[in-house]
Amino acid sequence: MDVSRILEIIGGGGHSQAASAVLKDIEFPEIESRIISSLYRNIKKPVLAKDIMSFPIRVVNEDESIAAVNDLLKKYGHSGIPIVDKRKDLVGIITRKDVDRAIKHGLSHAPVKGFKSRGLVTASSNTTVDEIQRLMIENGIGRIPVVNRGEVVGIVTRKDVLRFLHGRDYIKRTEKAAAGGRYNFSPDEIIKKLHNLIPEKIFNVFEIISGTAKEMKLKVYLVGGFVRDLMLDISNLDIDIVVEGNGIDFARKLREVLNARLESYEKFGTAVVVLPSGQHIDVASARVEYYQKPASLPDVEPGSISQDLARRDFTINTLAISLNRKDFGRIIDFFGGRKDLAGKKIKVLHKMSFIEDPTRIFRAVRFEQRLGFKMDIQTEKLARVSVEMNLVSELNGIRVRDELVAIIQEKNPWNGIKRLYDLQALKKIGIDVTADEKLTRFLKNISRKYKILAEYAGDNLEIWRVFLIAMFINCREDIIKKWCEEMKIRKNDAAVIINSALMFNTLKEKLNVKIKKYSDLFRLLNDKNDELLITLGAAGKVYLENILRYYRKVSTIKLEITGDDLKSLDFKPSRKFKTVLENVLLMKLDGLVKTKQEELQEAGRMLSGVESG
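Structure below.
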């Protein structure tokens, strides 16, 4: 127990092993009562092996070869692994040193059972941490398998014990360093935040999830951006749940109790529970990822909550909140996420992070812009090294496209583009522009004019297409086309980007003065896509005025007559109808015809002239 916590109630202090208090003018019975009350609150049940062990545990059969075990240890980064027999009973452990020694003697082909450790030391799920520590010291070992009824259910390493023994003081120090423990919320404070930031119906769903988990004897946690944003007092209803166990079975049970719809993905161990309100809850089994090579998609295997959080991109996204009945609302923070929230830092979990998944560079830039954070020095260095290694260039085009679009859809996208340029990542994905002050100013202006012009545009308008047009306006058609193909841009989107980028400079020259005649504006801008018009509108004041005049005036003027009206004049339908109607519209735009009757007369005159000619 932490004795300093016991004496806090009477103004005392110290550290976890020793504390004192000096009291005056207080009767002894009062002191005794307070201390006893504090003891009841602070004395906890002993921590057991099941509370700190790593699971699920990997094992090897005793007939496996040394070479196969060597591959496993390399793949998972383990320094040792338990050995089981055909009945799955634990029979020993083999360490990295044992394997290396066997290989050195040319015994790669030999079965692992010949090298297993003797005098096996094990613990049960209910063995206390103190007892585990004693076993490690007395036997000079760094790992103890946890066995229940002959089955290996987990393993406790020296690291697990050290984290437990020193974790409390360490956490206390780091939380004080992190802006005075600004994000060190108690479970009650987390529950209060949930009530403040999400609808009450969603909170009720969390309580149902908690009860369902208890019924199924599973552990469940809120994870991801929802937790990060909750800490920052940002409302976020993108809800992700991680289950230690079978996430799909848990999601199926939720479907029943919540009267919801279920979309499951067996291959990935994930599911989406769709509530009657339409709210989505993503459910996933806790898992661990392994990358076979840089920039590849990972192999996924079942894991624990700590392993699941360890595969996240940045420390600020590794936070979790327990939804389990016994500690509902407790923050899980294995990687210092709260400290980095307080320091406004984007930090990777390990040095290989960007090498394993270079798209994390784009996500780092996106979070910098969204949250006003900054990559820490080491993380930025690692990002630059990964870019220099051309790992970004090796990424699947779809992944790059999606990350780039996500950056452009942030609040101030020009900053994200400039940041990618500064990191040399923009060029590596085929956008060879100079993101200098001129381009940055243009992109910023696009964002501003987009807000003005979007209300006049069609429903299919996309800001990301506007930004790509702006970055490609000085590129050749073949370069833009190749880029769109590599990024797997849909044909319709690619056509908008390519055509608009190629037309931009020509139209810009023609629109650099006020176009007074509506018919001239119509000839220039009719049938041009909205993305091009918005890009032009950002080029300067006169361009914006012309585009606004087109949207507000020219595009609203329509003919009252149609081809049916022309047929009523006994003219035979033909392609000439279209030309005549366009010419009448041009006259109407310039005020030369005003009524439907005048439109019809002019159309008849034109058609008569064509036929007589």
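In this note's numbering, the protein residues as written are 1 to 613. Every residue, glycine too, gets a C-beta built ideally from N, C-alpha and C. Keep in mind the model is a prediction, meaning the values are calculated, not measured.
1) So what's residue 157 in DSSP terms, helix, strand or just coil?
2) Taking the alpha helix (DSSP H) that residue 443 belongs to, which residues open and close that run?
3) Identify the continuous beta strand (DSSP E) that holds residue 260 and give its terminal residues.
4) Considering only residues of the same chain and omitting the five flanking positions on each side of residue 421, which have a CB-CB separation below 6 Å?
5) Assuming residue 231 contacts residue 319 (C-beta within less than 8 Å), just tell me the rounded distance between them.
6) Residue 78: which of 88, 92, 96 sits nearest, CA to CA?
7) So residue 316 and residue 337 are supposed to be a Cβ contact under 8 Å. How far apart are they, rounded?
8) Can you tell me where the beta strand (DSSP E) holding residue 510 begins and where it ends?
9) Locate the alpha helix (DSSP H) running through residue 219, then write down its first and last residues.
10) Are residue 349 and residue 402 close, meaning C-beta to C-beta below 9 Å?
11) Run through the stretch 35–85 for me and flag every whole alpha helix (DSSP H) of 4 or more residues, listed as ranges in chain order.
12) Three or more beta-carbon pairs under 8 Å between the stretch 58–65 and the stretch 84–99, yes or no?
13) Going by DSSP, name the residue or residues bridged to residue 148.
14) Determine the direct distance from the alpha carbon of residue 210 to that of residue 451, and round the result to whole angstroms.
15) Using DSSP bridges, identify the partner residues of residue 111.
16) Closer than 8 Å is the cut-off here; do at least three beta carbon pairs connect the stretch 588–601 with the stretch 510–527?
17) Buried or exposed for residue 29, please, with buried defined as at least 16 other CB atoms from any protein chain shown within 10 angstroms of its CB.
18) Could you name the residues of the same chain whose beta carbon sits closer than 8 Å to that of residue 369, not counting the 5 residues immediately before and after it, in chain order?
19) For the beta strand (DSSP E) containing residue 92, name the first residue and the last one.
20) Does the beta-carbon distance from residue 332 to residue 321 come in below 9 Å?
21) Residue 74 to residue 127, Cα distance in whole Å?
22) Between which two residues does the beta strand (DSSP E) containing residue 270 stretch?
23) Please state if the CB of residue 123 and the CB of residue 144 are separated by a distance shorter than 9 Å.
24) May I ask you to report which of helix, strand or coil DSSP gives residue 605?
25) If you draw a straight line from the alpha carbon of residue 225 to that of residue 262, how long is it in whole angstroms?
26) Can the beta-carbon of residue 474 be found less than 9 Å from the beta-carbon of residue 496?
27) To the nearest angstrom, how far is it from the Cα of residue 81 to the Cα of residue 70?
28) Starting from the C-beta of residue 15, find all residues in its chain whose C-beta is less than 6 Å away, skip the five residues before and the five after it, and write them out in chain order.
29) Give me, in chain order, the residues of the same chain whose beta-carbon lies closer than 7 Å to that of residue 168; leave out the 5 immediate sequence neighbours on both sides.
30) Residues in its own chain within less than 7 Å of residue 472 by CB, not counting five upstream and five downstream?
31) Apply the 10 Å Cβ neighbour rule to residue 18 and answer buried if 16 or more other Cβ atoms are within range, or exposed otherwise.
32) Between which two residues does the alpha helix (DSSP H) harbouring residue 380 extend?
33) Around the Cβ of residue 366, are there at least 16 other Cβ atoms within 10 angstroms (buried) or fewer (exposed)?
34) Is the beta carbon of residue 507 closer than 9 Å to that of residue 532?
35) Tell me whether the beta-carbon of residue 222 lies closer than 9 Å to the beta-carbon of residue 241.
36) Which class does residue 125 belong to by DSSP, given the choice of helix, strand or coil?
Reading off the structure:
1) The count along the sequence shown starts at 1 and reaches residue 157 at position 157. The answer is strand: DSSP assigns residue 157 an E or B state.
2) Taking the sequence shown and counting its residues from 1, one reaches residue 443 at position 443. Residue 443 -> alpha helix (DSSP H) spans 437–453.
3) For the purposes of this step, residue 260 is identified with residue 260 of the sequence shown, where counting begins at 1. Run containing residue 260: none; DSSP gives neither H nor E here.
4) Position 421 of the sequence shown, counted from the first residue, corresponds to residue 421. Closer than 6 Å at the Cβ level, and outside the excluded window around residue 421, lie 435.
5) Here residue 231 refers to the residue found at position 231 when the sequence shown is read from its first residue. Here residue 319 refers to the residue found at position 319 when the sequence shown is read from its first residue. Sure, about 7 Å apart at Cβ, within 8 Å.
6) The count along the sequence shown starts at 1 and reaches residue 78 at position 78. Nearest C-alpha to residue 78: 96.
7) In the sequence shown, the residue the question calls residue 316 occupies position 316. In the sequence shown, the residue the question calls residue 337 occupies position 337. The pair is a contact, with the Cβ atoms about 5 Å apart (cut-off 8 Å).
8) The residue you call residue 510 lines up with position 510 of the sequence shown. That residue, residue 510, is in no beta strand (DSSP E); its alpha helix (DSSP H) goes 491–510.
9) Translated into the one-based positions of the sequence shown, residue 219 becomes position 219. Element bounds for residue 219: not the alpha helix (DSSP H) but the beta strand (DSSP E), 219–223.
10) Position 349 of the sequence shown holds residue 349. Position 402 of the sequence shown holds residue 402. No, they are not a contact pair.
11) 49–52, 66–76
12) yes
13) The sequence position of residue 148 within the sequence shown is 148, counting from 1. Bridge partners of residue 148: 151.
14) In the sequence shown, residue 451 corresponds to position 451, counting from 1. In the sequence shown, residue 210 corresponds to position 210, counting from 1. Cα-Cα distance, rounded: 43 Å.
15) Position 111 of the sequence shown, counted from the first residue, corresponds to residue 111. According to DSSP, residue 111 bridges with 65.
16) yes
17) Along the sequence shown, read from residue 1 onward, the residue named residue 29 stands at position 29. Exposed is the call here.
18) For the purposes of this step, residue 369 is identified with residue 369 of the sequence shown, where counting begins at 1. Here the set comprises 407, 410, 411, 412, 413, 415, 416, 419.
19) Working through the sequence shown from its first residue, we reach residue 92 at position 92. Segment 90–95, the beta strand (DSSP E) holding residue 92.
20) The residue labelled residue 332 in the question sits at position 332 within the sequence shown. The residue labelled residue 321 in the question sits at position 321 within the sequence shown. The answer is yes: Cβ separation under 9 Å.
21) Taking the sequence shown and counting its residues from 1, one reaches residue 74 at position 74. Taking the sequence shown and counting its residues from 1, one reaches residue 127 at position 127. So the two alpha carbons sit approximately 30 Å from each other.
22) The residue labelled residue 270 in the question sits at position 270 within the sequence shown. Its beta strand (DSSP E) spans residues 270–274.
23) Taking the sequence shown and counting its residues from 1, the one referred to as residue 144 is at position 144. Taking the sequence shown and counting its residues from 1, the one referred to as residue 123 is at position 123. Cβ distance < 9 Å, so residue 144 and residue 123 count as in contact.
24) The count along the sequence shown starts at 1 and reaches residue 605 at position 605. Looking at residue 605 - three-state DSSP - the assignment turns out to be helix.
25) Against the sequence shown, residue 225 aligns to sequence position 225. Against the sequence shown, residue 262 aligns to sequence position 262. Cα to Cα, residue 225 sits roughly 22 Å from residue 262.
26) Walking along the sequence shown from the start, residue 474 turns up at place 474. Walking along the sequence shown from the start, residue 496 turns up at place 496. No, Cβ-Cβ distance for residue 474 and residue 496 is not below 9 Å.
27) Numbered from 1 along the sequence shown, position 81 holds the residue referred to as residue 81. Numbered from 1 along the sequence shown, position 70 holds the residue referred to as residue 70. Roughly 10 Å separates the two Cα atoms.
28) Sequence index remark: in the sequence shown, residue 15 carries index 15 (1-based). The answer, listed in chain order, is 4.
29) On the sequence shown, residue 168 is found 168 positions in, with the first residue counted as 1. Residue placement at residue 168 cannot be trusted, given a pLDDT of 48 that sits under 50; the coordinates are not used to answer.
30) Indexing the sequence shown from 1 puts residue 472 at position 472. Taken in chain order, the residues that qualify are 480, 497, 501.
31) In the sequence shown, the residue the question calls residue 18 occupies position 18. Exposed: under 16 other Cβ atoms inside 10 Å.
32) Here residue 380 refers to the residue found at position 380 of the sequence shown. Element bounds for residue 380: 377–388.
33) Within the sequence shown, residue 366 is the residue found at index 366, counting from 1. Buried, since its Cβ has 16 or more Cβ neighbours within 10 Å.
34) Here residue 532 corresponds to residue number 532 of the sequence shown, with the count starting at 1. Here residue 507 corresponds to residue number 507 of the sequence shown, with the count starting at 1. Yes.
35) Locating residue 222 in the sequence shown gives position 222, where the first residue counts as 1. Locating residue 241 in the sequence shown gives position 241, where the first residue counts as 1. For residue 222 and residue 241, yes; Cβs fall inside 9 Å.
36) The residue given as residue 125 occupies position 125 in the sequence shown. Here residue 125 sits in coil by DSSP.
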